[in-house]
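In the order they appear, the protein sequences are chains A and B.
Residue numbering for the first sequence follows numbering that gives the first Met the number 0, beginning at 0 and increasing consecutively.
Residue numbering for the second sequence follows numbering that gives the first Met the number 0, beginning at 0 and increasing consecutively.
Ideal Cβ placement from N, Cα and C applies to all residues, glycine included.
Note that the structure is predicted; figures quoted are calculated from it, not measured.
Protein chains: 2
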Amino acid sequence: MPRRARVVVDVMLKPEILDPQGQAVAAALPKLGFGGVVEVRQGKRFELTLDGEVTEDQLAQIRRIAETLLANPVIEDFAVRLEEPA
Amino acid sequence: MPRRARVVVDVMLKPEILDPQGQAVAAALPKLGFGGVVEVRQGKRFELTLDGEVTEDQLAQIRRIAETLLANPVIEDFAVRLEEPA
Numbered sequence: 000m001p002r003r004a005r006v007v008v009d010v011m012l013k014p015e016i017l018d019p020q021g022q023a024v025a026a027a028l029p030k031l032g033f034g035g036v037v038e039v040r041q042g043k044r045f046e047l048t049l050d051g052e053v054t055e056d057q058l059a060q061i062r063r064i065a066e067t068l069l070a071n072p073v074i075e076d077f078a079v080r081l082e083e084p085a
Numbered sequence: 000m001p002r003r004a005r006v007v008v009d010v011m012l013k014p015e016i017l018d019p020q021g022q023a024v025a026a027a028l029p030k031l032g033f034g035g036v037v038e039v040r041q042g043k044r045f046e047l048t049l050d051g052e053v054t055e056d057q058l059a060q061i062r063r064i065a066e067t068l069l070a071n072p073v074i075e076d077f078a079v080r081l082e083e084p085a
């Protein structure tokens, strides 16, 4: 059976970019009785399933995919990481 | 200076729920010259910044927040984790 690997790409707005969705969540929290949260930021998480082992080359390609297709590097930061199999 | 902690909540569609956004990304990848990706799923990532140390009580509360406010448990799974400080 072929091994499958999972690569996760997290995309978040850069810290200096306003995040109205996150602010809406943060504003709702006290109404739910939870006061300890200072800030909420909302972003995207992509799970990519790959066939077989992930090579350094593939990770570099996924970084290019992330910056062209998954994130807008003008306003967003992204992080690519290989998820350890459970 | 007060310590701050970060809790990450990942929200993904359940595996049995169709994910057209992820499918659109997966369909675009071969056109970008990347053929090794079998599946793409798109979800949400929330970063919650908390004042001070995070207790077990607070984590339990964040799980309740996640299932009432951040995720729709009918169609989405979520995971709550404390992010280690860098």
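Measuring CB to CB, does A:ILE88 end up less than 7 angstroms from A:VAL6?
Here chain A comprises residues numbered 0 to 85, so residue 88 of chain A is not present and cannot be evaluated.
Nearest candidate by alpha-carbon position, reference A:GLU82, set A:ASN71, A:ALA25, A:GLU52 and A:GLU66
A:GLU52
Find the residues of chain E that neighbour B:PHE33, judging by a C-beta separation of less than 9 angstroms, and give them in chain order.
Protein chains in the displayed structure are A and B, and chain E is not among them.
Does A:LYS30 come out as helix, strand or coil in the three-state DSSP assignment?
helix
Relative to the alpha-carbon of A:GLY42, which residue among A:PHE77, A:ALA25, A:GLU15 and A:ARG2 has its alpha-carbon at the smallest distance?
A:PHE77
Contact the segment 28-41 of chain A vs the segment 12-30 of chain B: 3+ CB pairs below 8 angstroms
no
Using three-state DSSP, classify B:GLY51 as helix, strand or coil.
coil
Using 7 angstroms as the limit for Cβ to Cβ distance, is A:GLU46 near chain B?
yes
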